[in-house]
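*Asks:* Just passing along the structure, written as structure tokens.
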Amino acid sequence: MNFIFNKDKHKHNKDDREQRYTQRATAKIIDKFAIQGNIKGAIESGRRRIKFLIAMVLCGFTILIWRAVDLMVLSHRVAPASSFSWGFKAPKKIGSILDRNDVVVAVNLPEQSLYVNSIEFLSQNESPEEAADKILSILPNLNKSKLMKKLTNHKSFTFIKKLITPMEAKKVLEYGIVGLHFKPDSKRIYPQNNLLSHVIGIRGVDGGGLQGVEKSFNDLMVNQGKDLQLSIDVRVQHILRSEIEKTVEKFNAKGGAGVIMDVKTGEVLGMSSYPDYDPNHYQNATSDQLFNRATKGLYEVGSVFKAFTMASALNSHTVQLDDIFDTSTPLKVGRFKIHDYEYFKYPLRVPEIFAHSSNIGTSKIALQMGTEIQKKYLKELGLLDKVDINLPEITKPMYPQGRRWTPLSTMTISFGHGIAVSPLHVAQALSSLVNGGYGIKATLLKQTKPQLDKRIFNQHTADTMRHLLRTVVTSGTGRKSEVRGYRIGAKTGTADVAAKGGYNRNARRTTLSSVFPMDNPKYAIVVMIDKPLGIKETHGYATAGWVVAPLVRNIISRLGPMMNIIPKYDVELKPQKTSKYYIRPFNWNKKMGQVTPRHNIHKKWYE
1 MNFIFNKDKH KHNKDDREQR YTQRATAKII DKFAIQGNIK GAIESGRRRI
51 KFLIAMVLCG FTILIWRAVD LMVLSHRVAP ASSFSWGFKA PKKIGSILDR
101 NDVVVAVNLP EQSLYVNSIE FLSQNESPEE AADKILSILP NLNKSKLMKK
151 LTNHKSFTFI KKLITPMEAK KVLEYGIVGL HFKPDSKRIY PQNNLLSHVI
201 GIRGVDGGGL QGVEKSFNDL MVNQGKDLQL SIDVRVQHIL RSEIEKTVEK
251 FNAKGGAGVI MDVKTGEVLG MSSYPDYDPN HYQNATSDQL FNRATKGLYE
301 VGSVFKAFTM ASALNSHTVQ LDDIFDTSTP LKVGRFKIHD YEYFKYPLRV
351 PEIFAHSSNI GTSKIALQMG TEIQKKYLKE LGLLDKVDIN LPEITKPMYP
401 QGRRWTPLST MTISFGHGIA VSPLHVAQAL SSLVNGGYGI KATLLKQTKP
451 QLDKRIFNQH TADTMRHLLR TVVTSGTGRK SEVRGYRIGA KTGTADVAAK
501 GGYNRNARRT TLSSVFPMDN PKYAIVVMID KPLGIKETHG YATAGWVVAP
551 LVRNIISRLG PMMNIIPKYD VELKPQKTSK YYIRPFNWNK KMGQVTPRHN
601 IHKKWYE
């Protein structure tokens, strides 16, 4: 039994070993297939991800290509005509321009520009000719043949007309023409029309400033979107422009210019050049209308320069008021002769030389003063450089350079020949004579306080010049500029127009520089009329005393009350016979103690 038992045990052990071996072999096979299955699954998963990414990329490209085709060719998804087309941004804000009292003189208003999507229009099978006729009934200035080409050019965007009015846009909408749309835009409007054209300037179709302060302050108004406030007073500007226009028309002159400036701040309250233009329609302006005579025009202003010569000589102690000079005969300089309009048989004191506007006397004073002193003061007055003002239309004065500035040049420049400046130059320099002798810089921006620079003339010289300028009105060539109660000071200037090889004796420019009130100077006024013709009312004369002196009188009579300058009839700078500023009449005869008839009157200034 034990044997049997052992045999069975042995057999049982053998069966166990075979079963374990089979299990291990099976497990190895299962593990092998499991590993292979995992690898295959990972590969399949990777393939699926790659296919998905490729599909996404292809889908993206397909969308981009379809969108491009849609926009360029197939798109009919344009905003309805009753609304702005999407895809256009609102125009950038451009700052407005205001005068010193916040009156708007330039502003951007929202507008619309009309364009056509020809593809959309043609898809509706509407007659191009009928559509063109409808559009022309609203916008008659368009060309019909060109309009029909725009309607049928198979393009998705073509301008029909830029900047149409709201009423025109409303009528276009009422017709309901498919394919017509609007682009948001803005238009620069100048409410004052011609009044400030040369100051403000213009903007081009792209919105950029082309002239005037529109160009000078383009960055401020366009890039920063800020408003610009000027020193200009539109009320003052209206007075100045209207009086210049009337005078130009009255004397059949070529043109005119004027500047009104605050002598202590340098603020330009008014600046006009005539003829002018409407900046709302500047495309129609001529070159003569676009030219700014007040800042860019250079002119020999004649005897106006005698004020600067006299102030320089007095301040440098070259002459004293009691000094006398013989002006009875022409002054010979080489082959040239300097003449006076009227000759005097008696020697003239310095105030009389100034009041009677003697070229001979002024030349002798300048020669005594010397070229270097003359240049020094003209330089400090800004008469040899460009005016540093906020305008692009400025020009450097013309005068002899280097050795060409001879002693003869010194004499002729002393009475305003041989040097050409703008009216703005004169106004700026004149202000320094009467504001206490301080240099001043002209500006078109509103100031809140005086802008006085370094002293050019001492107080005594400044006071003396106020008296001398006053004598020109009370006893000299500027009598017709007088406005009772306003104590006006002035200096007239009549100069022949330079021509090839010399001067045209039959054409002249008349200028008057004036200041008021002279007891406390506030405003400098400079006006110039180019090539006026004598008329019956002036007995055929076209000199400054007849042409521009009455012009300034009219300006001051309107300007004074408006600027709250109260006339003072008890304050007068008119010198008495005992005063050193007393001016003897041109025909006074010392020996006989009475006046004598006119004699030896010469109209030539120098030959």
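According to the numbering used here, the sequence shown is numbered sequentially starting from 1. Virtual Cβ for every residue (Gly too), placed ideally from N, Cα, C.
Could you spell out where the alpha helix (DSSP H) holding asparagine 315 opens and where it closes?
*Replies:* Unbroken alpha helix (DSSP H) run through asparagine 315: 306-315.
*Asks:* Excluding the 5 residues preceding and the 5 following glycine 255 in the sequence, name in chain order all residues of the same chain whose CB lies nearer than 7 Å to its CB.
*Replies:* Counting only Cβ-Cβ distances below 7 Å, and skipping sequence neighbours, we find Val248, Tyr274, Pro275, Arg293, Asp530.
*Asks:* Is there contact here, the stretch 418-425 with the stretch 285-304, by at least three beta-carbon pairs under 8 Å?
*Replies:* At 8 Å Cβ cutoff, the stretches touch.
*Asks:* Any idea what DSSP makes of aspartate 288, helix, strand or coil?
*Replies:* Aspartate 288 falls in the helix class under three-state DSSP.
*Asks:* Going by beta carbon distance, what residues of the same chain come within less than 7 Å of proline 532, once the five residues before and after it are set aside?
*Replies:* Excluding residues within five positions, the ones whose Cβ falls inside 7 Å are Phe251, Ala253, Thr510, Ala542, Val547.
*Asks:* Do you know how far the Cα of isoleucine 200 is from the Cα of alanine 106?
*Replies:* Whole-angstrom Cα-Cα distance: 8 Å.
*Asks:* Rounded to a whole number of angstroms, what is the C-alpha to C-alpha distance between lysine 522 and isoleucine 239?
*Replies:* Roughly 17 Å separates the two Cα atoms.
*Asks:* Whole-angstrom Cβ separation of isoleucine 160 and valine 116, contact assumed at under 8 Å?
*Replies:* About 6 Å; that satisfies the 8 Å criterion.
*Asks:* Given a threshold of 16 other Cβ atoms within 10 Å of its Cβ, counted over all protein chains shown, does glutamate 569 qualify as buried or as exposed?
*Replies:* For the record, residue 569 in the displayed sequence is tyrosine; it is not glutamate. Tyrosine 569 should be labelled exposed.
*Asks:* My guess is that glutamate 482 and valine 472 are in contact by the Cβ rule of under 8 Å, so how many angstroms apart are they, rounded?
*Replies:* Rounded, the Cβ-Cβ distance is 10 Å, inconsistent with contact.
*Asks:* Pull up the distance between the alpha-carbon of isoleucine 555 and that of glutamine 289, whole angstroms please.
*Replies:* Taking the straight line joining both Cα atoms gives about 23 Å.
*Asks:* Measuring CB to CB, does threonine 461 end up less than 8 Å from leucine 314?
*Replies:* It is a contact, given that the beta carbons lie within the stated cut-off.
*Asks:* Between the C-alpha atoms of serine 82 and asparagine 193, what's the straight-line distance to the nearest angstrom?
*Replies:* At serine 82 the pLDDT is 38, less than 50, meaning the model places this residue with poor confidence; the figure from the coordinates comes in the next sentence. Straight-line Cα distance between these residues: approximately 32 Å.
*Asks:* From this set, Tyr581, Leu122, Ser118, Gly418, which residue's C-alpha is nearest glutamate 352's C-alpha?
*Replies:* It is Tyr581 whose Cα lies nearest to the Cα of glutamate 352.
*Asks:* Roughly how many whole angstroms lie between the Cα atoms of alanine 490 and glycine 266?
*Replies:* When rounded, the distance between both Cα atoms is 19 Å.
*Asks:* Opposite tyrosine 299 in the DSSP bridges: which residues?
*Replies:* Tyrosine 299 is bridged to Val421.
*Asks:* I need the DSSP call for isoleucine 260, collapsed to helix, strand or coil.
*Replies:* Strand.
*Asks:* Quick check: valine 234 and aspartate 388, are their CB atoms within less than 8 Å of each other?
*Replies:* For valine 234 and aspartate 388, no; Cβs fall outside 8 Å.
*Asks:* Run the CB neighbour count on glutamate 129, radius 10 Å, all protein chains shown included, and call it buried at 16 or more, exposed below.
*Replies:* Exposed, since its Cβ has fewer than 16 Cβ neighbours within 10 Å.
*Asks:* Quick one: residues in its chain with C-beta nearer than 7 Å to the C-beta of aspartate 385, no 5 flanking neighbours on either side, listed in chain order?
*Replies:* Excluding positions up to five away in sequence, the list reads Lys396.
*Asks:* State yes or no: is the C-beta of phenylalanine 344 within less than 8 Å of the C-beta of methionine 310?
*Replies:* No; because the gap between Cβ atoms is not below 8 Å, this pair is not in contact.
*Asks:* Can you tell me whether DSSP reads lysine 531 as helix, strand or coil?
*Replies:* Note: lysine 531 maps to coil in three-state DSSP.
*Asks:* Closest to arginine 349 by CA distance: which of Glu174, Leu151, Val178, Leu468 is it?
*Replies:* Of the candidates Glu174, Leu151, Val178, Leu468, the one whose C-alpha sits nearest the C-alpha of arginine 349 is Leu468.
*Asks:* Does the beta-carbon of arginine 404 have 16 or more other beta-carbons within 10 angstroms, so that it is buried, or is it exposed?
*Replies:* Burial call: exposed.
*Asks:* Please say whether serine 186 and leucine 109 have beta carbons closer to each other than 8 Å?
*Replies:* Yes. Within cutoff.
*Asks:* List the endpoints of the continuous beta strand (DSSP E) containing leucine 502.
*Replies:* At residue 502 the sequence reads glycine, which differs from the leucine that was named. Note, glycine 502: beta strand (DSSP E), 502-516.
*Asks:* Could you have a look at tyrosine 486 and say whether DSSP puts it in helix, strand or coil?
*Replies:* Correct three-state label for tyrosine 486: coil.
*Asks:* Around the Cβ of glycine 436, are there at least 16 other Cβ atoms within 10 angstroms (buried) or fewer (exposed)?
*Replies:* Buried.
*Asks:* Candidates Phe516, Ile535, Arg188: which alpha carbon is nearest valine 526's?
*Replies:* Residue Phe516 is the option with its Cα nearest to valine 526.
*Asks:* Taking 7 Å as the limit between beta carbons, can you name the residues of its chain near valine 104, skipping five residues before and five after?
*Replies:* Closer than 7 Å at Cβ, skipping near neighbours: Ser96, Leu98, Pro191.
*Asks:* Whose C-alpha, out of Gly485, Ile419, Lys162, is nearest the C-alpha of phenylalanine 308?
*Replies:* Here the closest residue by C-alpha is Ile419.
*Asks:* Identify, in the order they occur along the chain, each residue of the same chain with its Cβ nearer than 7 Å to the Cβ of leucine 163, setting aside the five sequence neighbours on each side.
*Replies:* Within the same chain, leucine 163 has close Cβ partners Glu111, Ser113, Asp185, Lys187.
*Asks:* Closer than 7 Å by C-beta to serine 316: which residues in its own chain qualify, once you throw out the five before and the five after it? Chain order, please.
*Replies:* Contacts found: Met369, Ile373.
*Asks:* So the alpha helix (DSSP H) arginine 188 belongs to, where does it begin and stop?
*Replies:* Careful: arginine 188 lies outside any alpha helix (DSSP H), inside the beta strand (DSSP E) at 180-189.
*Asks:* Going along the chain, which residues of its own chain have a beta-carbon closer than 6 Å to the beta-carbon of isoleucine 30, five neighbours each way excluded?
*Replies:* No answer about isoleucine 30 holds up, because its pLDDT of 45 lies below 50 and its placement is not dependable.
*Asks:* So, for glycine 540: in the same chain, excluding its five sequence neighbours on each side, which residues have a beta-carbon less than 7 Å away from its beta-carbon?
*Replies:* Closer than 7 Å at the Cβ level, and outside the excluded window around glycine 540, lie Gly534.
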